[in-house]
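Using numbering that gives the first Met the number 0, the letters of the sequence shown correspond one by one to residues 0 to 53.
Ideal Cβ placement from N, Cα and C applies to all residues, glycine included.
No experiment lies behind these values; they were computed from the predicted model shown.
Just below is one structure, and these are the notes that go with it.
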Amino acid sequence: MTEPLIAYVEAQVAKSEYTSISEIVRTALRLLIERDEAKILRGAANAEVVCDRA
């Protein structure tokens with residue numbers, strides 16, 4: 000990780016926002032997965048709209 004990311008993570012743990020670096024990484028990964036799944040769902044919904052208009 001870059002220095003700014005390390006500093007951010009350490010600050011979050013120091014402020015007790017998270018209990019460990021591991022918890023931050025798990026939270027970040029869950030958010031990325033949710034974002035990617037939402038993109039897929041939006042793409043599928045857009046494809047259905049295009050098919051309905053044809």
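Continuous alpha helix (DSSP H) stretch holding residue i: start and end
i, result
"Y7", "E2 to A13"
Helix, strand or coil at residue i [DSSP, three-state]
i, result
"T26", "helix"
"E16", "coil"
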